[in-house]
Structures are given as structure tokens and as C-alpha cells.
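K.L.:
So that we are looking at the same thing, I have put the structure below in C-alpha cells.
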Amino acid sequence: MVNSTPDLSGVTILQIIPQLETGGAERTTLEVGKAIVAAGGRSLVVSEGGPMTQELTRDGSTHIEMPVSSKNPMLIAANGQALAKLITDEGVSIIHARSRAPAWSAFQAARKTGIKYVTTYHGIYWAKSSLKRLYNSVMARGDAVIANSDYTAAAVRDAYGEKKWFPDEDHFITIPRGADLSRFDPDALTADRKAAALAAFGGAEALRILLPGRLTEWKGQEVLLNAAFTLQKREGAVPFRVVLTGSAQGRDEYEAHLRALTEELGLTHAVHIHGHWDDMPAAYDWADVTVSASTRPEAFGRVAVESQAMGTPVIASAHGGALETIADGETGWLTPPGDADALAQALHNFMHLRKDAKSSISAAARARAVSLFSTEAMTAATLCVYKRLIQGQGSE
């Protein structure tokens, strides 16, 4: 990982992402934009906007609203023309796409204007048809292609590594996502923020279990609820509190299903489905243990890193990025995906750890996040990719 940040004085970088609502790709967009400005460059971001726009502009980036989430071919082409004009008017050196639909517009604009085109894989795009594989392929056609984990890199290489247009090894780079260690810092939390989380989530005298993530089936909320049911049967009167944070984002039927399942399992006293929660450092601090029960592999999984940065150990599904972010038995635990019984066993084991053992795991979790997964390392490595492309050099 690159540790020094290059000088980007006089350079304009344009990032493009569908929306600035919530999520890891959106957060990374903001972090890289802030780093570009700090390095003396000019940061432009094209999206359809959203709640994170205010933070983006506060940190020095300029936001340009454009309907770039649409998959309509005619609108994608029109966006490409608009982006080409924007690139010319603003003197953009690099356009960096973080999602497929806007990536096609960015690809078109980059080829028309002759600037460098960069992509980041924030997730794995599966395809069962040749048409879908073609649609997905735009993310692998960059002058530089960034993967957010070794797991992601292996999947991309397996899908497109034999294509003649696939970038060489110097331009296919793994840059793990980072956590903002100034934000995710246990010592930075105020008593008021801690009290607000406790008031919102409850569980003052209970084992506190947190599952952050949007309410969608593959994030594993149902797996955790079934594990909690098993834990309740096994532990009897021992109190615990399960909190699910994250927006349903229109998946009202799934949220209703989770609430019905909670009642069916007799867990209404122990489970709180909170919805969106802004202060994630306080949420991780509230928790004794964080669960990431995804039934599909996470390409990276920022929850594991952010939680560890706050000194809160993680129990995660043993696939995808979690195999890289969690040291099993040292900073957290890995369990088979979708296995509620194994998750219940891991929670049982954690519950019965000695206090000194929990403290040791907490310290190790924080140390791992600090040493391997900082925002500073991620943004510095990304800016070095930009600098080397501008200079016509290879990327490491």
C-alpha cells in the first residue's frame, strides 16, 4: 500500500457515481474527493445527488447533478456527450467511475476527449447472459482498474483476465477500502454521543449485538434473528439486545417480514429494528460485538473494518472480503455463511469469554484496522494511481 500522498496541484479529477445516498462506494467517493483537494487538486463529482452531497461540498468538492443512474441507452449516450463537454470546459485530466451505468457514459466521454478512464470495483457483478457480461465489462475497461479486495480482484480477473482489452498487471490494482480513523476512534466519542446510542438502542444491562446494513435479504438479518432464537433457548434468562441498523430503501415487505419473524420467535423484547442511524462510531461503541451475517460474499465489507477500528470485535460470514479483514480468533470470528446455529455458537462463546480476553480481542481489532485499513492509505494509493496515469507511468 502506498503511504505518501502525491501533489495534485493544477489537476482536476472527476468522479462519477449514481447517487450520494449511503453506502461504501459513496463514502469512498467523498473520502477521495477530500484527499484530492488536500493534495492541491480540484475535485468534481457527478451524481444525481442525495443526503451526502452537503458533506461532499463542505469538504471542498464541486457537485454536478446529472441523471447518471439510468440504464436507458439513450440517456447513457446523452450523459456521455454532457460529460465530454464538462471534461473540456473544466480541464479534467481523469474520470473515475464507480458504478456500471455511469461508467458507460464516462467511458464514452473519456474516449471522445482523450483523457484517462479509471474504474473501481466496489462489488462483484454476476452475469448469466452474454448481454449482461458485456454490460458489466465496462468496469474492467479502464486505463486503470481498482479492486477493493483480493477477493474482488480474483473475481474480476477470472471474468475478464483473458480479454485483449483487460489492463496489464501494472494497471490492475488492489486498494482495500479504509476506515476514517479520526472518525472511528473510541477516544473521540463524547459522553453525549454514547448516551444517545444507548437511549436509541437500549440494552443497558444486556449483551449488545449490532448488525449494521441496509435491510435486504442477503445481508443476513434473518440469520441473526434465528441465531438469537437459538441463543435465547440455550442461555435462558441471560439478557441480550439485538439491534439492526440500516434503511429498508423501499424494501418494505422485507422489513415487515423481519418484524413478523421477530414476533414469531418470541424476540420482541430483545430485538430492535432501528432503521437508518447516522452516528456509526457511537453504534459500534454501543455494541459488545458486531455481526456481519451476509449470505453472499461481501466484496470488501466496511462494517468489519469500521467496527474493529472502534475496538468492537466482529463475527462475520467466512467468505469474501471478511477473510481478509478479520483475523479469525484474534480480532473476531468467522462462521459458515447462512448457518444460524454456528452464529449462535459464536455468540455463546463470546458471551462466556473472560473480561481480560474480551479486552485483548478489542485491542487487537483496533490495532489491525489502524495498521492495514486506514482511509489515508486508501486515498494515498488512489491518488498515486491518478498521478502515474497523468505522468504516463505504470501503477503499482
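Everything in the sequence shown is counted per numbering that gives the first Met the number 0, starting at 0 for the first residue and increasing by one.
Cβ coordinates follow ideal geometry from the N, Cα and C atoms, glycine included.
1. When you compare only the Cα positions, how much space is there between residue 20 and residue 66?
2. Count the other C-beta atoms from every protein chain shown that fall within 10 angstroms of the C-beta of residue 164, then say buried if there are 16 or more, exposed otherwise.
3. Please return the same chain residues whose Cβ sits closer than 7 Å to the Cβ of residue 182, not counting the five positions on each side in sequence.
4. Is it buried or exposed, residue 179, if we count other Cβ atoms within 10 angstroms and call 16 or more buried?
5. Grab the span of the alpha helix (DSSP H) containing residue 256 for me, first residue to last.
6. What's the C-alpha gap between residue 129 and residue 161?
7. Would you say the segment 233-249 touches the segment 345-356, given that touching needs at least three Cβ pairs under 8 Å?
8. Can you tell me whether residue 323 is buried or exposed? The criterion is at least 16 other CB atoms within 10 Å of its CB, across all chains shown.
9. Which value, in whole angstroms, describes the spacing of the CA atoms of residue 108 and residue 75?
10. Only counting the same chain, and skipping five residues up and downstream in sequence, which positions put a Cβ closer than 7 Å to that of residue 136?
11. Based on Cα-Cα distance, which residue from 61, 239 and 252 lies nearest to residue 268?
12. When you compare the CB positions of residue 197 and residue 210, do they come within less than 8 Å of one another, or not?
13. What's the gap between the Cα of residue 119 and the Cα of residue 146?
14. Answer yes or no: do residue 171 and residue 140 have a C-beta to C-beta separation smaller than 8 Å?
15. Write down every uninterrupted run of the alpha helix (DSSP H) in the segment 314-352 whose length is 4 residues or greater and which is fully enclosed by it, in chain order.
16. Can you give the Cα-Cα distance for residue 319 and residue 219, rounded to whole angstroms?
17. Let's test the definition: count the other Cβ atoms within 10 Å of the Cβ of residue 307 and tell me whether it reaches 16, buried, or not, exposed.
18. Classify residue 284 as buried or exposed, calling it buried when 16 or more other Cβ atoms lie within 10 Å of its own Cβ.
19. Under three-state DSSP, which class holds residue 132?
20. Since I believe residue 333 is in contact with residue 340 (beta carbons under 8 Å), could you give me their beta-carbon distance rounded to a whole number of angstroms?
21. Does residue 419 come out as helix, strand or coil in the three-state DSSP assignment?
22. Hey, quick one: how far does the beta strand (DSSP E) through residue 239 stretch, first residue to last?
23. Assuming contact is defined by CB atoms lying nearer than 8 Å, are residue 299 and residue 175 in contact in what I supplied?
24. Spatial neighbours of residue 7 within its chain, please: C-beta separation below 8 Å, excluding the five flanking residues on both sides.
25. With DSSP run on the structure shown, which of helix, strand or coil describes residue 0?
26. Taking only three categories from DSSP, how would you classify residue 74?
P.N.:
With the structure as the only source:
1. Counting from one through the sequence shown, the residue named residue 20 turns up at place 21. Counting from one through the sequence shown, the residue named residue 66 turns up at place 67. Straight through space, the alpha carbons of residue 66 and residue 20 are spaced by roughly 14 Å.
2. Reading the sequence shown from its first residue, position 165 is the one you call residue 164. Residue environment for residue 164: exposed (fewer than 16 other C-beta atoms within 10 angstroms of its C-beta).
3. As a first step, residue 182 must be located in the sequence shown, where it is residue number 183. Result list for residue 182: 280, in chain order.
4. Numbered from its first residue, the sequence shown carries residue 179 at position 180. With 16 or more other Cβ atoms within 10 Å, it is buried.
5. As a working mapping, residue 256 is identified with position 257 in the sequence shown. Membership of residue 256 in the alpha helix (DSSP H) is indicated by the continuous run 251-263.
6. Start at 1 with the first residue of the sequence shown, and residue 129 comes out as number 130. Start at 1 with the first residue of the sequence shown, and residue 161 comes out as number 162. A straight-line Cα-Cα distance of about 16 Å links residue 129 and residue 161.
7. Verdict: yes, contact present.
8. Position 324 of the sequence shown, counted from the first residue, corresponds to residue 323. In the assembly as shown, residue 323 is a buried residue. Its beta-carbon has 16 or more other beta-carbons within 10 Å.
9. On the sequence shown, position 109 is the one that residue 108 refers to. On the sequence shown, position 76 is the one that residue 75 refers to. Spanning the two alpha carbons is a distance of roughly 11 Å.
10. One-based indexing of the sequence shown puts residue 136 at position 137. Taken in chain order, the residues that qualify are 159.
11. The residue given as residue 268 occupies position 269 in the sequence shown. Comparing alpha carbon positions, the residue from 61, 239 and 252 closest to residue 268 is 239.
12. Numbered from its first residue, the sequence shown carries residue 197 at position 198. Numbered from its first residue, the sequence shown carries residue 210 at position 211. No; because the gap between Cβ atoms is not below 8 Å, this pair is not in contact.
13. Translated into the one-based positions of the sequence shown, residue 119 becomes position 120. Translated into the one-based positions of the sequence shown, residue 146 becomes position 147. Approximately 6 Å between the Cα atoms of the pair.
14. As a working mapping, residue 171 is identified with position 172 in the sequence shown. As a working mapping, residue 140 is identified with position 141 in the sequence shown. Judged by beta-carbon spacing, residue 140 lies beyond the 8 Å limit of residue 171, meaning their Cβ atoms are not closer than that value.
15. If we require 4 residues or more, the alpha helix (DSSP H) runs fully inside the segment 314-352 come out as 321-324 and 339-350.
16. One-based indexing of the sequence shown puts residue 319 at position 320. One-based indexing of the sequence shown puts residue 219 at position 220. Near 14 Å, if we compare the C-alpha coordinates of residue 219 and residue 319.
17. As a position in the sequence shown, residue 307 is number 308, starting the count at 1. Using a 10 angstroms sphere on the CB of residue 307, the tally of other CB atoms reaches 16 or more, which defines it as buried.
18. Taking the sequence shown and counting its residues from 1, the one referred to as residue 284 is at position 285. The residue is buried, with at least 16 neighbouring Cβ atoms inside 10 Å.
19. The residue you call residue 132 lines up with position 133 of the sequence shown. Residue state, collapsed to three classes: helix.
20. The residue you call residue 340 lines up with position 341 of the sequence shown. The residue you call residue 333 lines up with position 334 of the sequence shown. Not confirmed; about 15 Å, so no contact.
21. Residue coverage of the chain in this structure runs from 0 to 395, which leaves residue 419 outside it and unanswerable.
22. As a position in the sequence shown, residue 239 is number 240, starting the count at 1. In the DSSP assignment, residue 239 falls within the beta strand (DSSP E) that extends over 239-244.
23. Within the sequence shown, the letter at position 300 stands for residue 299. Within the sequence shown, the letter at position 176 stands for residue 175. Yes. Within cutoff.
24. The count along the sequence shown starts at 1 and reaches residue 7 at position 8. The beta carbon of residue 7 sits closer than 8 Å to the beta carbons of 35, 38, 39, 40, 382, 385 and 386 from its chain, once the five residues preceding and following it are set aside; these are given in chain order.
25. Start at 1 with the first residue of the sequence shown, and residue 0 comes out as number 1. The predicted model places residue 0 with a pLDDT of 47, which falls under 50 and marks its position as unreliable, so this point remains unresolved.
26. As a position in the sequence shown, residue 74 is number 75, starting the count at 1. In the three-state DSSP reduction, residue 74 falls in the helix class (H, G or I).
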